Amino acid sequence: MAKIKTIGVLTSGGDAPGMNAAIRAVTRAGICMGFKIKGIFRGYDGLINEEIEDFSTENVSGIIMSGGTILKTARSKEFMTPEGRKKAYDNIIKHNIDALVIIGGNGSLTGAMTFAQEYDICCIGLPGTVDNDLYGTDSTIGYDTTLNTIVDCVDRIRDTASSHERIFFVEVMGRDAGFLAQNSAIASGAEAAIIPEDSTDVDQLATFMERGIRKSKKSCIVIVSESPKCGALFYAQRVRDEFPSFDVRVSILGHLQRGGRPSAHDRILASRTGVGAIDAIMQGQRNIMVGVRNNEVVYVPLIEAIRSDKPFDKKLITVLEELSI
């Protein structure tokens, strides 16, 4: 196996607070260990379109506290095609890149795994997603900051809910995972959370309405995981139709959740996994995601990180139920 001398780093998919801290860690740890670092702009599209620059420590100075990503990001449809990946590989060869560090979520790491299988290039993933849905790491880069942003928003919404005696359905991100919804509901004192992990034959809304709405409690907050079929708007309309006496409002937080300065937790997680990516390359690791589990840096095969379901602690559902009476 040829010695790795040059490492390319990119961010892909949705942005997450802490990505800049990860870019900084990969760049500085890599240079410290004698590697040449190249920044790749706009994700996999940047590989295809040759948006590649040499990076020095100065490129990443003063970015650890910034949200978003200085490398920009994109979801590349062209990279999903064999032709697109061939263009990307040709540019990797042209720029003498021997290994890639990909900071992103499930889709980004899936692309990395496919690329590594086709062209036998070393790909190291860092878990950069607000959804916290990657297996093998206790937390993903951006999750903690987003959770705190949601709690801050819900605290503000509750003022209006209480003043007007309304039911507020607050929709948060999470894709197919309810970590943001469940934990923000507990942290903000919400009365209920509607999440994918609790989607059994039991009607979650009906259960909540029977349990949570009493004469002594005329306002409440329900946190809902985003869903194209049954998000906050769906449940709000059901309440209007089935319980017309209640005043119902919807707040979809949307991209507000992604922005802002990363929390200390996310900066530390990004820094540890960024350094971990360089350590993994030096150890000869390939096609793995770097995570932190039980406060230890771990290497998780990409196929496990993206295809295994992350365990959800069902006890959290009971905690919320008991505290929302």
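Going by numbering that gives the first Met the number 0, the sequence shown opens with residue 0, and the numbers climb by one from there.
Every residue, glycine too, gets a C-beta built ideally from N, C-alpha and C.
Every value quoted in this text rests on a predicted model; they were computed, and no experiment measured them.
Contact belief for residue i with residue j at Cβ below 8 angstroms, rounded distance in angstroms
| i | j | result |
| --- | --- | --- |
| Gly173 | Glu225 | 6 angstroms |
| Ile222 | Ser183 | 6 angstroms |
| Ala98 | Ile3 | 5 angstroms |
| Ser244 | Ser161 | Ser244 to Ser161, Cβ: 18 angstroms. No contact. |
| Leu70 | Phe34 | Between Phe34 and Leu70 the Cβ distance is about 17 angstroms, and since that is not below 8 angstroms, they are no contact. |
Outcome for residue i when other beta-carbon atoms lying within 10 angstroms are tallied against a minimum of 16
| i | result |
| --- | --- |
| Lys85 | exposed |
| Asn293 | exposed |
| Gly283 | exposed |
| Lys37 | buried |
| Gly253 | exposed |
| Ser262 | buried |
| Leu232 | exposed |
| Ile324 | exposed |
| Glu190 | buried |
| Lys214 | For Lys214, the predicted structure reports a pLDDT of 44, less than 50, and the residue's modelled location is therefore unreliable. A value from the coordinates is still provided. Label assigned to Lys214: exposed. |
| Asp331 | Residue 331 lies beyond the residue range present for the chain, which begins at 0 and ends at 324; the question has no answer from this structure. |
| Ala235 | buried |
| Gly124 | buried |
| Ala1 | exposed |
| Pro126 | buried |
| Arg306 | exposed |
| Asp202 | exposed |
| Leu146 | buried |
| Ile92 | exposed |
Where residue i sits in the DSSP three-state scheme
| i | result |
| --- | --- |
| Arg23 | helix |
| Arg271 | helix |
| Lys35 | strand |
| Ile30 | helix |
| Val171 | strand |
| Gly253 | helix |
| Lys214 | Annotation note: pLDDT 44 at Lys214 (below 50); position unreliable, coordinate value reported separately. DSSP places Lys214 in coil when its eight states are reduced to three. |
| Ser187 | helix |
| Val238 | helix |
| Pro243 | coil |
| Pro126 | strand |
| Ile287 | strand |
| Cys121 | strand |
| Ile140 | strand |
| Pro81 | helix |
| Pro195 | helix |
| Ser65 | coil |
| Ser162 | helix |
| Asp154 | helix |
| Ile96 | coil |
| Gly110 | helix |
Same chain only: Cβ atoms within 8 angstroms of residue i, ignoring 5 sequence neighbours per side
| i | result |
| --- | --- |
| Val318 | Ile185 |
| Asp44 | Glu50, Ala73, Ser75, Glu77, Phe78 |
| Thr113 | Arg84 |
| Leu255 | Thr148, Cys152 |
| Ile237 | Note that residue 237 is Arg in the sequence shown here, rather than Ile. Around Arg237: Leu204. |
Check whether residue i and residue j have beta carbons under 8 angstroms apart
| i | j | result |
| --- | --- | --- |
| Thr144 | Pro16 | yes |
| Gly230 | Glu170 | yes |
| Leu301 | Leu108 | yes |
| Leu179 | Asp130 | yes |
| Val247 | Arg239 | yes |
| Cys121 | Ile251 | no |
| Val299 | Arg271 | no |
| Ile6 | Ile102 | no |
| Gly135 | Ala304 | yes |
| Asp14 | Thr68 | yes |
| Ile194 | Leu204 | no |
| Val8 | Val153 | no |
| Val59 | Thr10 | no |
| Met64 | Ile277 | no |
| Ile327 | Ala87 | Residue 327 falls outside the range modelled here, since the chain spans only 0 to 324, and no answer is possible. |
| Gly104 | Gly12 | yes |
| Ala24 | Gly273 | yes |
Proximal residues to residue i (C-beta, below 7 angstroms), its chain only, five neighbours per side dropped
| i | result |
| --- | --- |
| Ile259 | A small correction: the amino acid at residue 259 is Gly; Ile does not occupy that position in the sequence shown. For Gly259, where only same-chain residues beyond five positions count, the Cβ hits under 7 angstroms are Pro16, Gly66, Thr144, Thr148. |
| Gly275 | Val289, Val296 |
| Phe242 | Met208 |
| Gly29 | Ile6, Ile36, Ile277 |
| Phe54 | Thr26, Ile36, Lys37, Gly38 |
Close Cβ partners of residue i (< 6 angstroms) along its chain, the five nearest in sequence each way excluded
| i | result |
| --- | --- |
| Glu196 | Gly177, Phe311 |
| Leu315 | Gln181 |
| Val150 | Ser183, Ala186, Ser187 |
| Met18 | Thr10, Thr68, Ile102, Gly127 |
| Asn90 | Leu46, Glu49 |
| Thr139 | Pro126, Thr128, Asn131, Leu133 |
| Arg285 | Cys121 |
| Lys309 | Asp132, Tyr134 |
Proximity test, residue i beta-carbon vs the ligand NAP heavy atom, cut-off 7 angstroms
| i | result |
| --- | --- |
| Ala189 | Among the components of this structure there are no ligands whatsoever, and the ligand NAP is therefore not found. |
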